[in-house]
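Colleague: The structure's right below; bear with me while I get my questions together.
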Amino acid sequence: MPEVTAQMTSARELTDQRQGGVIRQNQLVSEDAWQVVRLDEDGNLPSYQQPALLPLAEWQALVAAGEGSDHLAPWLASDTELTPELGKALADAPLLGVDFPNFNDGRGYTIARLMRERFGYQGEIRAIGDVLVDQLHYMSRCGISAFALRDDQYVEDALHALSLFSVSYQTGVDQKTPLFARR
Amino acid sequence: MYRYDTYDQTLVDERVAQFKDQMDRYLAGRLGDEEFRPLRLQNGLYIQRHAPMLRIAIPYGMLSAVQLRAMAAISRRYDRSYGHFTTRQNLQLNWPKLEDVPAILAELAQVEMHAIQTSGNCIRNTTTDQFAGIAEDETVDPRPWCELIRQWSTLHPEFAYLPRKFKIAVTGASADRAAIQVHDIGIRLNRADDGSVKATILAGGGLGRTPMVGDIVREDLDWQHLLTYLDAIVRVYNQWGRRDNKYKARIKILVKALGIEEFRRRVEEEWAHLKDGPETLTDSAVTKATSYFPEPERREVSAEAIEAYETLRRENRAFARFVTNNVVGHKVPGYKAVTLSLKRRELAPGDVTADQMDAVADLAEQYGFGELRVTHEQNLVLSDVPVDELETLWKALEELGMANPTVGTLADMICCPGGDFCSLANAKSIPIAQALQDRFEDLDFLYDLGPLDLNISGCMNACGHHHVGNIGILGVDKKGQEFYQVSLGGRSDDNATLGKILGPSFNAEDMPNVIDKVLQVYVEQRLEDEVFVDTYHRIGMKPFKERVYA
Numbered sequence: 177m178p179e180v181t182a183q184m185t186s187a188r189e190l191t192d193q194r195q196g197g198v199i200r201q202n203q204l205v206s207e208d209a210w211q212v213v214r215l216d217e218d219g220n221l222p223s224y225q226q227p228a229l230l231p232l233a234e235w236q237a238l239v240a241a242g243e244g245s246d247h248l249a250p251w252l253a254s255d256t257e258l259t260p261e262l263g264k265a266l267a268d269a270p271l272l273g274v275d276f277p278n279f280n281d282g283r284g285y286t287i288a289r290l291m292r293e294r295f296g297y298q299g300e301i302r303a304i305g306d307v308l309v310d311q312l313h314y315m316s317r318c319g320i321s322a323f324a325l326r327d328d329q330y331v332e333d334a335l336h337a338l339s340l341f342s343v344s345y346q347t348g349v350d351q352k353t354p355l356f357a358r359r
Numbered sequence: 006m007y008r009y010d011t012y013d014q015t016l017v018d019e020r021v022a023q024f025k026d027q028m029d030r031y032l033a034g035r036l037g038d039e040e041f042r043p044l045r046l047q048n049g050l051y052i053q054r055h056a057p058m059l060r061i062a063i064p065y066g067m068l069s070a071v072q073l074r075a076m077a078a079i080s081r082r083y084d085r086s087y088g089h090f091t092t093r094q095n096l097q098l099n100w101p102k103l104e105d106v107p108a109i110l111a112e113l114a115q116v117e118m119h120a121i122q123t124s125g126n127c128i129r130n131t132t133t134d135q136f137a138g139i140a141e142d143e144t145v146d147p148r149p150w151c152e153l154i155r156q157w158s159t160l161h162p163e164f165a166y167l168p169r170k171f172k173i174a175v176t177g178a179s180a181d182r183a184a185i186q187v188h189d190i191g192i193r194l195n196r197a198d199d200g201s202v203k204a205t206i207l208a209g210g211g212l213g214r215t216p217m218v219g220d221i222v223r224e225d226l227d228w229q230h231l232l233t234y235l236d237a238i239v240r241v242y243n244q245w246g247r248r249d250n251k252y253k254a255r256i257k258i259l260v261k262a263l264g265i266e267e268f269r270r271r272v273e274e275e276w277a278h279l280k281d282g283p284e285t286l287t288d289s290a291v292t293k294a295t296s297y298f299p300e301p302e303r304r305e306v307s308a309e310a311i312e313a314y315e316t317l318r319r320e321n322r323a324f325a326r327f328v329t330n331n332v333v334g335h336k337v338p339g340y341k342a343v344t345l346s347l348k349r350r351e352l353a354p355g356d357v358t359a360d361q362m363d364a365v366a367d368l369a370e371q372y373g374f375g376e377l378r379v380t381h382e383q384n385l386v387l388s389d390v391p392v393d394e395l396e397t398l399w400k401a402l403e404e405l406g407m408a409n410p411t412v413g414t415l416a417d418m419i420c421c422p423g424g425d426f427c428s429l430a431n432a433k434s435i436p437i438a439q440a441l442q443d444r445f446e447d448l449d450f451l452y453d454l455g456p457l458d459l460n461i462s463g464c465m466n467a468c469g470h471h472h473v474g475n476i477g478i479l480g481v482d483k484k485g486q487e488f489y490q491v492s493l494g495g496r497s498d499d500n501a502t503l504g505k506i507l508g509p510s511f512n513a514e515d516m517p518n519v520i521d522k523v524l525q526v527y528v529e530q531r532l533e534d535e536v537f538v539d540t541y542h543r544i545g546m547k548p549f550k551e552r553v554y555a
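First to last, the protein sequences are chains A and B.
For the first sequence, our numbering assigns the number 177 to the initial residue and increments by one for each residue that follows.
For the second sequence, our numbering assigns the number 6 to the initial residue and increments by one for each residue that follows.
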């Protein structure tokens, strides 16, 4: 029996202490001004600076009032029902946030995939909320293109996690042909 | 059986490297308990009562002799030289060290094994008929389809954080030995008049705290659409399944809440978008998957050899008992499938020592083309034994203690690890199984009782499938004391039925007497060849209740 591979793989040195921030295209974005705005406990919208990711309803109201801009974008709660009307309306958003209120809530994966595959959204889809290093691979396969890491997440771990897999069985936003058709 | 190509091997190796890194970060304090939890669970690692537990996947129960030997070696090196076969056709190690798990996974990868998605809120190991490919009543061999489902579900990017665990079972035979009606998705494969494969898809079955029998979502789905249809069902579940209460999070609760018509409507609406998409199966994909499950090169078994076997069966009572109970028919004349009983007094149901694993691996090579299957009743099967080798195999199994001629009887009970090992359990289950085995060890009595499923779970998570036992036993906790609730009338076959509770629960010590009284009522009331569960459904609960609580 050959030697055990995992024991042969030397562990990464965990040296880089940078935490949080936005990852896009396999690197930490040096400057990103987008602020995620959430309703406060009383359900009111706090004051904010642009550019801002707003709760969907707030963004829709602004757009309806003709006040939409390239500096305002919506984020989708995990219980958002993506009707065909909504899917189409989001096409104009300069950026789309998908919220993970808790990392165990997997609805955002479906939402991102539907926005890409069904509604053809071309812009950046950014994961916000409880965004952890070990979810990034699946998120990126579902079409999420930027990750606003939770503040305690290490950047070097995130970049490593995105580089681990070279093979997948199923289709995804990153792979249009299942493995059974590529073998 | 299925063999990895470089894609499969690369994926599993990369998964090992990923988990090694995750473990390193956990041990370095960079990853919290809460965050590590789903990662370790989706690699089969539980933190248990005494030690971690590692659940190793045995896809649809198919195992090679080489793999079994590797597990024997792993259990010696990293554990206490034994393993436990589960009701999901997997193998559990009860005493590995946390920090050894990446190395164990790396060793498993060398024999094309892994522990991916054996736990956690994701799509689990797909299970099937232990007699797949050899059963006389089979119309479609489910194994290639299980393999295609395995690949589709493995590291599925969209479905790793479902509301709750998700289990799929497949059968291609007329008798359902895979319990498809009590799975999140059950698939029944059959053939249309033109020979093409069709699938009937059930959803919303399951055991656990709210047991339910699944409903048919779609009949006669063309085989090409199997994976897109599964995608549609799981996507509907991922979006709409409850996440506010883990006890109401299984798909069965969603199906019940929406009603099967509305559930079906949503699935069909979703599927309309996915149908004919890239995951649509092709002839070449199915042909390729099927090529991994060829007919073994069976030799001719002469008419004289078959006659000699029949003669031995007539003349040797002990051999006849073994054959009647532990040997089943085969689609090829002169061949049989043999069940190796893992139900014996010395060991907990489903437990196998490392030495026994090595010995069984040898037997599989000698008598079974180097392959075996794990059954959801926690036994092992050699699927291709020529009848003229049955006697020597039987003797070898006698020496191994795996020839107990009790398969399908009361003594062949299903039993979860229970409170001796599992941190979820309310009560111990293994001592109950052993007490019942002691009390009802007389073979003539067991045979007189006939086919009888007795299933024991140590808590309502129902790993021991107590709801579908003809007699079900459930461990419950009352003010810190262990009690046992008895249910009657469950079945997991084509007429899947959930058992009904007999009445107030009992002490552990009373259990043999309680079961004895239940059996007495059956023996007194049965008609001719009526089996236990049929008598129960004819006469109802009352006579049992009156006797037990008299």
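Beta carbons are placed, not taken as given, at the ideal position from N, Cα and C, and that holds for glycine.
Note that the structure is a prediction, hence the values are computed from the model and not measured.
List the DSSP bridge partners of His-89 of chain B.
Modeller: In the second sequence, residue 89 of chain B corresponds to position 84, counting from 1. His-89 of chain B pairs with B:Gln-97, B:Asp-356.
Colleague: Run down chain B in chain order and give the residues with a C-beta less than 9 Å from the C-beta of Thr-286 of chain A.
Modeller: Indexing the first sequence from 1 puts residue 286 of chain A at position 110. Within chain B, the residues near Thr-286 of chain A are Glu-163, Phe-164, Arg-240, Asn-243, Gln-244.
Colleague: So what's Gln-23 of chain B in DSSP terms, helix, strand or just coil?
Modeller: Along the second sequence, one-based indexing puts residue 23 of chain B at 18. Correct three-state label for Gln-23 of chain B: helix.
Colleague: Any beta carbon of chain A sitting closer than 8 Å to that of Ala-22 of chain B?
Modeller: Counted from its first residue, the second sequence places residue 22 of chain B at position 17. Chain A, which has a Cβ nearer than 8 Å to the Cβ of Ala-22 of chain B, makes this yes.
Colleague: Less than 8 Å between the beta carbons of Pro-410 of chain B and Val-536 of chain B, yes or no?
Modeller: For the purposes of this step, residue 410 of chain B is taken as residue 405 along the second sequence, with counting starting at 1. For the purposes of this step, residue 536 of chain B is taken as residue 531 along the second sequence, with counting starting at 1. Going by C-beta atoms, Pro-410 of chain B is not nearer than 8 Å to Val-536 of chain B.
Colleague: Between the C-alpha atoms of Asp-119 of chain A and Leu-229 of chain A, what's the straight-line distance to the nearest angstrom?
Modeller: The first residue shown for chain A is 177 and the last is 359, placing residue 119 of chain A beyond what the model contains.
Colleague: Would Lys-547 of chain B be called buried (16 or more neighbouring beta carbons within 10 Å of its own) or exposed?
Modeller: Counting from 1 along the second sequence, the entry for residue 547 of chain B is found at position 542. Exposed, because fewer than 16 other Cβ atoms sit within 10 Å of the Cβ of Lys-547 of chain B.
Colleague: Is Lys-293 of chain B near the ligand ATP - that is, is its Cβ less than 7 Å away from at least one heavy atom of it?
Modeller: Annotation note on the ligand ATP: not contained in the displayed structure, which lists no ligands.
Colleague: With a threshold of 8 Å between beta-carbons, can Thr-191 of chain A be considered close to chain B, or not?
Modeller: Here residue 191 of chain A corresponds to residue number 15 of the first sequence, with the count starting at 1. No, no contact with chain B.
Colleague: Going by the beta-carbon positions, is the gap between Asp-482 of chain B and Ala-432 of chain B smaller than 8 Å?
Modeller: Working through the second sequence from its first residue, we reach residue 482 of chain B at position 477. Working through the second sequence from its first residue, we reach residue 432 of chain B at position 427. In contact: Asp-482 of chain B and Ala-432 of chain B (Cβ atoms closer than 8 Å).
Colleague: Suppose only complete runs of 3+ residues qualify. What are the beta strand (DSSP E) ranges in the region 196-244 of chain A, listed by chain order?
Modeller: Within the region 196-244 of chain A, the complete beta strand (DSSP E) runs of at least 3 residues are 228-231.
Colleague: Which residues, in chain order, does the region 19-50 of chain B contribute to contact with chain A at a C-beta distance below 7 Å?
Modeller: Residues passing the 7 Å Cβ filter: Glu-19, Val-21, Ala-22, Gln-23, Lys-25, Asp-26, Gln-27, Asp-29, Arg-30, Ala-33, Arg-35, Glu-40, Pro-43, Leu-44.
Colleague: From Ser-344 of chain A to Phe-511 of chain B, what does the alpha carbon distance come to, in whole angstroms?
Modeller: As a first step, residue 344 of chain A must be located in the first sequence, where it is residue number 168. As a first step, residue 511 of chain B must be located in the second sequence, where it is residue number 506. One C-alpha to the other measures close to 51 Å.
Colleague: So is Tyr-12 of chain B in contact with chain A if we call contact Cβ pairs under 8 Å?
Modeller: Working through the second sequence from its first residue, we reach residue 12 of chain B at position 7. Chain A contact via Cβ: present.
Colleague: Going by DSSP, name the residue or residues bridged to Pro-250 of chain A.
Modeller: For the purposes of this step, residue 250 of chain A is taken as residue 74 along the first sequence, with counting starting at 1. Looking at the DSSP assignment, Pro-250 of chain A forms a beta bridge with A:Leu-230.
Colleague: Please classify Ala-322 of chain A: does DSSP put it in a helix, a strand, or coil?
Modeller: In the first sequence, residue 322 of chain A corresponds to position 146, counting from 1. Three-state DSSP puts Ala-322 of chain A in a strand.
Colleague: Quick one: which residues of the region 145-175 of chain B get their C-beta closer than 9 Å to a C-beta of chain A? List them in chain order.
Modeller: Listed by position along the chain: Leu-153, Arg-155, Gln-156, Trp-157, Ser-158, Thr-159, Leu-160, His-161, Pro-162, Glu-163, Phe-164, Ala-165, Tyr-166, Leu-167, Pro-168.
Colleague: Considering only DSSP beta bridges, list what Lys-203 of chain B is partnered with.
Modeller: Within the second sequence, residue 203 of chain B is the residue found at index 198, counting from 1. Per DSSP, B:Asn-195, B:Asp-227.
Colleague: Determine the direct distance from the alpha carbon of Met-67 of chain B to that of Pro-485 of chain B, and round the result to whole angstroms.
Modeller: Your numbering for residue 485 of chain B matches position 480 in the second sequence. Your numbering for residue 67 of chain B matches position 62 in the second sequence. Per the sequence shown, residue 485 of chain B should be read as Gly rather than Pro. Cα to Cα, Gly-485 of chain B sits roughly 40 Å from Met-67 of chain B.
Colleague: Do Arg-317 of chain A and Gln-284 of chain A have their beta-carbon atoms positioned less than 8 Å apart in this structure?
Modeller: Against the first sequence, residue 284 of chain A aligns to sequence position 108. Against the first sequence, residue 317 of chain A aligns to sequence position 141. Note that residue 284 of chain A is Gly in the sequence shown here, rather than Gln. No, the pair does not count as a contact, with Cβ atoms beyond the cut-off.
Colleague: Would you kindly report the start and end of the unbroken beta strand (DSSP E) that includes Lys-341 of chain B?
Modeller: Walking along the second sequence from the start, residue 341 of chain B turns up at place 336. Here the beta strand (DSSP E) through Lys-341 of chain B covers 340-345.
Colleague: Nearest-angstrom Cα distance between Leu-231 of chain B and Trp-210 of chain A?
Modeller: Position 226 of the second sequence holds residue 231 of chain B. Position 34 of the first sequence holds residue 210 of chain A. Roughly 42 Å between the two C-alpha positions.
Colleague: Along the beta strand (DSSP E) that carries Gln-486 of chain B, what are the first and last residues, could you check?
Modeller: Taking the first residue of the second sequence as 1, we reach residue 486 of chain B at position 481. Looking at the DSSP string, the run of the beta strand (DSSP E) that includes Gln-486 of chain B is 486-493.
Colleague: Looking at the unbroken alpha helix (DSSP H) that takes in Ser-462 of chain B, where does it start and where does it end?
Modeller: Position 457 of the second sequence holds residue 462 of chain B. Looking at the DSSP string, Ser-462 of chain B is not in any alpha helix (DSSP H); the run it does join, the beta strand (DSSP E), is 459-462.
Colleague: Classify Asn-95 of chain B: buried if its beta carbon has 16 or more other beta carbons within 10 angstroms, exposed otherwise.
Modeller: On the second sequence, position 90 is the one that residue 95 of chain B refers to. Classification of Asn-95 of chain B: buried, given that the 10 Å Cβ count is 16 or more.
Colleague: Between which residues of its own chain and Arg-556 of chain B is the CB-CB distance below 7 Å, once the five residues before and five after are set aside?
Modeller: Residue numbering for chain B in the displayed model covers 6 to 555; residue 556 of chain B lies beyond these limits and cannot be assessed.
Colleague: Quick check on the burial criterion: 16 or more other C-beta atoms within 10 angstroms. Buried or exposed for Gln-383 of chain B?
Modeller: Sequence index remark: in the second sequence, residue 383 of chain B carries index 378 (1-based). So Gln-383 of chain B counts as buried.
Colleague: Per DSSP, what kind of secondary structure is Phe-537 of chain B in: helix, strand or coil?
Modeller: Stepping through the second sequence from its first residue, residue 537 of chain B is reached at position 532. Three-state DSSP puts Phe-537 of chain B in a helix.
Colleague: Okay, do the region 170-184 of chain B and the region 326-333 of chain A touch, 3+ Cβ pairs below 8 Å being the bar?
Modeller: The region 170-184 of chain B vs the region 326-333 of chain A: no contact.
Colleague: Identify whether Cys-420 of chain B lies in helix, strand or coil by the three-state DSSP scheme.
Modeller: Numbered from 1 along the second sequence, position 415 holds the residue referred to as residue 420 of chain B. Here Cys-420 of chain B sits in strand by DSSP.
Colleague: Let me check understanding here. Comparing Cα to Cα, which of B:His-161, B:Ala-140, B:Asp-189 lies closest to Thr-286 of chain A?
Modeller: The residue given as residue 286 of chain A occupies position 110 in the first sequence. For the residues B:His-161, B:Ala-140, B:Asp-189, the minimum Cα distance to Thr-286 of chain A belongs to B:His-161.
Colleague: Can you check the region 96-174 of chain B for any alpha helix (DSSP H) of at least 4 residues that lies completely inside it and give the ranges in chain order?
Modeller: 106-115, 148-158, all fully within the region 96-174 of chain B.
Colleague: At least one CB of chain B closer than 8 Å to the CB of Ala-357 of chain A: is that the case?
Modeller: Here residue 357 of chain A refers to the residue found at position 181 when the first sequence is read from its first residue. So, interface residue.
Colleague: Considering just the uninterrupted stretch of the beta strand (DSSP E) at Tyr-51 of chain B, what are its terminal residues?
Modeller: Locating residue 51 of chain B in the second sequence gives position 46, where the first residue counts as 1. Counting along the chain, the beta strand (DSSP E) containing Tyr-51 of chain B begins and ends at 50-52.
Colleague: Of all the alpha helix (DSSP H) runs that stay within the bounds of the region 259-300 of chain A, which reach a length of 4 or more residues?
Modeller: Segments of the alpha helix (DSSP H) lying fully in the region 259-300 of chain A: 260-265, 283-293.
Colleague: Mind checking Ala-233 of chain A: buried by the 16 CB within 10 Å criterion, or exposed?
Modeller: Start at 1 with the first residue of the first sequence, and residue 233 of chain A comes out as number 57. Exposed, since its Cβ has fewer than 16 Cβ neighbours within 10 Å.
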